[in-house]
Each structure stands twice: as C-alpha cells, then as structure tokens.
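Reading through the structure tokens given below for one structure.
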Amino acid sequence: MMKRSLFDVFEWLGRHEFMVLLAVLIIVAGTWGFIALADVVLEGRTQSFDESILRALRRPNSPAIPIGPDWMAEVGRDLTAVGGVAVLILATLAVAGFLLLDRKYAAMGFVLAAVASGLILSSLLKASFARPRPEVVPHLSQVYTSSFPSGHSMMSAIVYLTLGALLARMVVRRSLKVYCLAVAFILTGLVGCSRVYMGVHYPTDVLAGWTAGLVWATLCWLVARKLQHSGTIEKHL
Numbered sequence: 557m558m559k560r561s562l563f564d565v566f567e568w569l570g571r572h573e574f575m576v577l578l579a580v581l582i583i584v585a586g587t588w589g590f591i592a593l594a595d596v597v598l599e600g601r602t603q604s605f606d607e608s609i610l611r612a613l614r615r616p617n618s619p620a621i622p623i624g625p626d627w628m629a630e631v632g633r634d635l636t637a638v639g640g641v642a643v644l645i646l647a648t649l650a651v652a653g654f655l656l657l658d659r660k661y662a663a664m665g666f667v668l669a670a671v672a673s674g675l676i677l678s679s680l681l682k683a684s685f686a687r688p689r690p691e692v693v694p695h696l697s698q699v700y701t702s703s704f705p706s707g708h709s710m711m712s713a714i715v716y717l718t719l720g721a722l723l724a725r726m727v728v729r730r731s732l733k734v735y736c737l738a739v740a741f742i743l744t745g746l747v748g749c750s751r752v753y754m755g756v757h758y759p760t761d762v763l764a765g766w767t768a769g770l771v772w773a774t775l776c777w778l779v780a781r782k783l784q785h786s787g788t789i790e791k792h793l
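The numbering used here runs 556 ahead of the 1-based position in the sequence shown.
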C-alpha cells in the first residue's frame, strides 16, 4: 500500500513537471518562431506566397467574390466576429462575472489582467511592424489597424485558450478537459482562417497571431499555476 502511494506521488510529480517543461518549450519555440516569421515577412520573402493564397480564395473572373457557395461569405463574417474585440470582451466579462459570483476574486482579477495585457501587447506589435493590409483582393470586412500580426487571431488564442484552460481545471474527467481545450483551439483556428478568407489578412499575419497568442496564453498559464501553488490565486476553480 505504501509503495503504491509513493508511486502515485511520483507519477503526479512527473506529470506536472512534464506539463511545465512542455509549457516552457512552447514559449521558447513560439517566441523564436514569431521572430523568424517576422524577419522573413519584413524582408518581403513571403509576399508572393501570401498574395497567391488570397487570390486562390477568390473567383478568378471576380476577385470581390470568394470561392464557394454564396452563404460562405456570411459564414466568414460570422466566424470573424467571434474573434472581434466586442465578442471577446463579452466572453471575458461573462467568465469574470461567474468568478465574481463564485467569490474567486483573485482568479477573476487574473483573467481580466491576462486578457487586458494581451490586448495591449497585440496593439504594440501591430504598431511596431505597421504592415499594410492586403490590397490584392477587396476586403469583405472593415479594418482599421495594420496587418501584422492578426489581432483577431492573437486575441482569440489568448482569450479562448485561457478560458479553455480555466474550464479544463473545473472538470474532473479527462475527456471533458480535452473537449474544453479542443473547442478553444478550434475556435481560434476558425477565426484566423476567416480573416484570410475575408481578404483582410495575409496567411502569415494569421500564423504570427496564432503563435503570439499561444505564447502569451501559455505564459499566463504558467503564471497562474505558480500563483495557485503560492496561494495567491484560488487553487480550486
């Protein structure tokens, strides 16, 4: 019985240390990948690839019309709205309200801080690179900022992955944990793809947004884990 208990303890430690190492690997690899991608984008080496993808998603004889059935354009607008600032703020406030009612004030503050800081980072990155929006095809959605990285893609990754990880900690069954994270990744992926389909972002903009968002969400997870272990944030969400 004692041997079994010790085995369970070591197994738990190994599993959690593995998760920390995996998170650190994601942060390091993601940061390197973002820097490398930004470098080739600034040098213009991806421009031909980016423009070819945008053209491939439009009808050859009418660049203003995306490929696929007529209803696909409406689906694209719906999906891109899922990554809009208004929707993301509403989703964040809804979760924050839940945590407030559940009297998990520190967790609520952390979620708000993680999303707000991610929004600031996204704005700073856009201002730093100031890549012009695609002009090879007409835009099917209104845009007001620069192109690199995609703010919708980055903020979707930050918000949905952070909230998905939060929900995953609230359930016991492993299948439910996987489901929460899978839905978060799927939503993030659909939002990013819709930005390219709408012609308002290059594929490399979206890839950079996904990468930066994943790095930030993973960093927030590590910080939250540390704060939970120190008792600063409620351990049981």
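Quick reminder that beta carbons are idealized off the backbone N, C-alpha and C, glycines included.
DSSP three-state assignment for residue i, whether helix, strand or coil
| i | result |
| --- | --- |
| Lys559 | With a pLDDT of 46 at Lys559, under the threshold of 50, the modelled position of that residue is not reliable, and the figure given next carries that caveat. DSSP places Lys559 in helix when its eight states are reduced to three. |
| Pro616 | coil |
| Pro625 | coil |
| Leu680 | helix |
| Ala756 | Ala is not the amino acid found at residue 756; the sequence shown has Val there. Here Val756 sits in coil by DSSP. |
| Trp568 | In this predicted model, Trp568 has a pLDDT of only 45, less than 50, meaning its place in the structure is not dependable enough to derive any value. |
| Val576 | helix |
| Arg601 | coil |
| Leu635 | helix |
| Gln784 | helix |
| Glu691 | coil |
| Val699 | coil |
| Leu778 | helix |
Anticipated Cβ contact below 8 Å, residue i with residue j, distance rounded
| i | j | result |
| --- | --- | --- |
| Trp772 | Ser709 | Wrong, their Cβ atoms sit about 12 Å apart, outside the cutoff. |
| Val651 | Val641 | With 8 Å as the limit, Val651 and Val641 do not qualify as a contact, their Cβ atoms being about 16 Å apart. |
| Ala721 | Leu737 | 7 Å |
| Val684 | Val756 | The sequence given here has Ser at residue 684, not Val. Going by Cβ atoms, the distance from Ser684 to Val756 rounds to 19 Å, so no, they are not a contact pair. |
| Ile621 | Leu613 | Actually they do not touch by this definition, with Cβ atoms about 10 Å apart. |
| Ile582 | Thr774 | 5 Å |
| Val747 | Val638 | 5 Å |
| Val752 | Ile609 | 7 Å |
| Arg687 | Ser673 | With a Cβ gap of about 23 Å, Arg687 and Ser673 do not count as contacting. |
| Val739 | Thr648 | With a Cβ gap of about 16 Å, Val739 and Thr648 do not count as contacting. |
| Thr760 | Thr602 | 5 Å |
Residue i classed as buried or exposed, judged by whether at least 16 other C-beta atoms fall within 10 angstroms
| i | result |
| --- | --- |
| His785 | exposed |
| Ser678 | buried |
| Ala768 | buried |
| Thr701 | exposed |
| Pro616 | exposed |
| Ser618 | exposed |
| Ser706 | buried |
| Asp658 | exposed |
| Lys682 | buried |
| Leu680 | exposed |
| Met664 | buried |
Boundaries (first-last residue) of the alpha helix (DSSP H) holding residue i
| i | result |
| --- | --- |
| Ala686 | Neither: Ala686 is in no alpha helix (DSSP H) and is coded neither H nor E. |
| Val651 | Val641 to Leu657 |
7 Å Cβ cutoff, residue i in contact with chain C
| i | result |
| --- | --- |
| Leu668 | The structure shown contains no chain C; it holds only a single protein chain. |
Query raised in the report: Hey, which unbroken runs of the alpha helix (DSSP H) at 4 residues or more fall wholly within the region 704 to 772?
Result: With a minimum length of 4 residues, the continuous alpha helix (DSSP H) runs that stay inside the region 704 to 772 are 707 to 726 and 730 to 753.
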